[in-house]
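A quick write-up on the structure given underneath.
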Amino acid sequence: MSVHPVSKLPNLEQSIFSKMSALAVKHNAINLSQGFPDFEVDPELIRAMQQSLHGPYNQYAPMAGIYSLREAIAEKTARCYGQSYHPEKEITLTAGATQAIYTAIASTVYPGDEVVIFKPAYDCYEPSILAQGGIPKLLQLKGPDFSIDWGEFQKVLNPKTRMVILNTPHNPSGTILKEADLLQLQEILSPTDTLVLSDEVYEHLVFDGASHQSVSKYPGLKERSFICASFGKTFHITGWKMGYCMAPEVFMNEFRKIHEFVVFSVNHPAQRAIAQYMQEPSRYEGLSELFQQKRDLFLEGIRDSRFEFTPAEGTYFQLLNFSKISPLSDLDFAQELLQDKGVAGIPISVFNLNRQDHQQLRFCFAKKTDTLKRACEILSRI
Ligand code: PMP
Ligand code: GLN
């Protein structure tokens, strides 16, 4: 008798990020697809990591993370958003935001529970919900500014709605939620016990003088929210897979019960290094300026191209519409662009409800000036 698994995720395909990055390597294309920087990490952070590797930190860290890093995260949150999270009880270090998101979902979502996701959405939410037997309720963001239709949201809310997932700044659209959105959500959720998972991995990448609307700033949301964050995004170290989750104590207690058996604790030397590096706030406060320059360089470089765009408000992604250039689907156009022209981007239909195709590709501008200029030259000739 042959034995087969009964898949929990029978329809899951290879991630578009893995696919496009592998193709970019194969075709030696400029890789603006998967979101990661191609520039060097700050030598100070590398030095801090080297020091911790030579120190007594090569064994297990405490389950929730070392206290000094939790304290540094609490200080950063107080500084940026004026909000307090207790380092001992309300903050846990995770293996990237991905593990924080999975753990928050696994610790709260029961079979049959509904979780609202706004599409296009980052790819890790749905599988994490399905693996718990939860039901993703998918709502499409509206119009060129990818806004949330709060009336539509209100209509799908019901006693089975366990959670709603927010992501601001938003991957893949590069838009940000505004104060009015958060106030609306706070009001709508106030008579319910629906939780919020707020994916804020791009919190420090917000442009043109706008400010990041963390759910922590809204008391009626803070009391019901898991906030997930990523050092990979903030310190250009996606390969370290370091992140954290913040939530009120009652929710963090449940989070830790799952965290303990998913991973127990995360990379100890990296925690030491980041704790030391974060003592200097300019290391995260200057990021919007750096990335705004990169966005502007990229947009200036394609100003005379046939692509159409609205400048990204946040993240390190820019959407470009190619409907004036080609009738192809975004999947086919991305493939052609990569193979024939040597630039890799991400077709965003894969993140949309029913894979709606609006002929848009996502390009990552977290790249060296030279990389961006070379890509712009090619994109301008198309
Ligand atoms: N959320 C969003 C919106 C992302 O773009 C990413 C990719 N970094 C993650 C979560 C996962 O972050 P990490 O790499 O820290 O797991
Ligand atoms: N967050 C990255 C992106 O959006 C990808 C991370 C991954 O490959 N899973 O491109």
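Position 125 (the sequence shown) corresponds to 247 in this note's numbering; numbering is contiguous. Think of the CB as a built atom: it goes at the ideal place given N, C-alpha and C, for glycine as much as any other residue.
- Residue nearest to Q173 within the set S471, F420, H390, F473 is H390 (criterion: CA-CA distance).
- Of the heavy atoms belonging to the ligand PMP, none sits nearer than 7 angstroms to the Cβ of G436.
- Sequence-distant partners of A170 (beyond 5 residues in either direction) whose C-beta falls short of 6 angstroms from its own C-beta, in its chain, are A395, Q398, Y399.
- Contact residues of the ligand GLN (beta-carbon closer than 6 angstroms to any heavy atom; chain order) are S137, F139, Q156, G157, N293.
- DSSP places K241 in the uninterrupted beta strand (DSSP E) bounded by 236-241.
- Look at D426 here: in three-state DSSP terms it is coil, with no helix or strand label.
- The segment 412-456 contains, as complete beta strand (DSSP E) runs of 3+ residues, the segments 439-443 (chain order).
- Apart from the 5 residues on each side of it in sequence, E325 sits with its Cβ closer than 7 angstroms to the Cβ of H334, S336, A351 in its chain, given in chain order.
- Remark: the shortest separation between the CB of A219 and any heavy atom of the ligand PMP falls under 7 angstroms.
- Closest in alpha carbon position to Y207, among A219, I223, Y189, is Y189.
- Remark: the C-beta of T360 is in contact range of the ligand PMP, defined as less than 7 angstroms to any heavy atom.
- Per the Cβ contact rule, the segment 231-241 is not in contact with the segment 376-388 (fewer than 3 Cβ pairs under 8 angstroms).
- At a threshold of 7 angstroms, G365 counts as near the ligand PMP, since its beta carbon sits closer than that to one of the ligand's heavy atoms.
- DSSP places A351 in the uninterrupted beta strand (DSSP E) bounded by 347-352.
- Here the segment 314-323 lies against the segment 281-299, with 3 or more beta-carbon pairs under 8 angstroms apart.
- Looking only at G255, A369, N293, the smallest Cα-Cα distance to E212 is reached by A369.
- Secondary structure at P294: coil, using DSSP grouped into helix, strand and coil.
- Remark: the C-beta of Y244 is in contact range of the ligand PMP, defined as less than 7 angstroms to any heavy atom.
- Separation of M185 and D462 (C-alpha to C-alpha, rounded to the nearest whole angstrom) is 49 angstroms.
- Contact between the segment 448-461 and the segment 220-235 is absent: fewer than three C-beta pairs spanning the two stretches fall below 8 angstroms.
- DSSP places R477 in no alpha helix (DSSP H); its state is neither H nor E.
- In the three-state DSSP reduction, Q262 falls in the strand class (E or B).
- The three-state secondary structure of P159, taken from DSSP, is coil.
- Within the chosen limit of 7 angstroms, the ligand PMP does not reach the beta carbon of S143 with any heavy atom.
- In this chain, the beta strand (DSSP E) harbouring M285 covers 283-289.
- Just measuring C-alpha positions, the residue of V323, K148, L215 sitting nearest G157 is V323.
- Contact between S471 and D452 holds: CB atoms are separated by about 5 angstroms, below the 8 angstroms threshold.
- Rounded to whole angstroms, N180 and Q401 show a C-alpha spacing of 22 angstroms.
- The C-beta separation of P433 from L421 comes to about 6 angstroms, placing the pair in contact by the 8 angstroms criterion.
- Across the structure, I257 and H176 are spaced so that their CA atoms are roughly 47 angstroms apart.
- For T216, there is no enclosing alpha helix (DSSP H); the enclosing beta strand (DSSP E) covers residues 213-216.
- Annotation for S250 indicates a beta carbon at 7 angstroms or more from all heavy atoms of the ligand PMP.
- Taking 8 angstroms as the cut-off, the Cβ atoms of P294 and R484 count as close.
- Counting only the Cα atoms, N153 lies some 7 angstroms from S143.
- Distance from the CA of S347 to the CA of S338, rounded to the nearest whole angstrom, comes to 8 angstroms.
- For Y366, the enclosing beta strand (DSSP E) begins and ends at 365-368.
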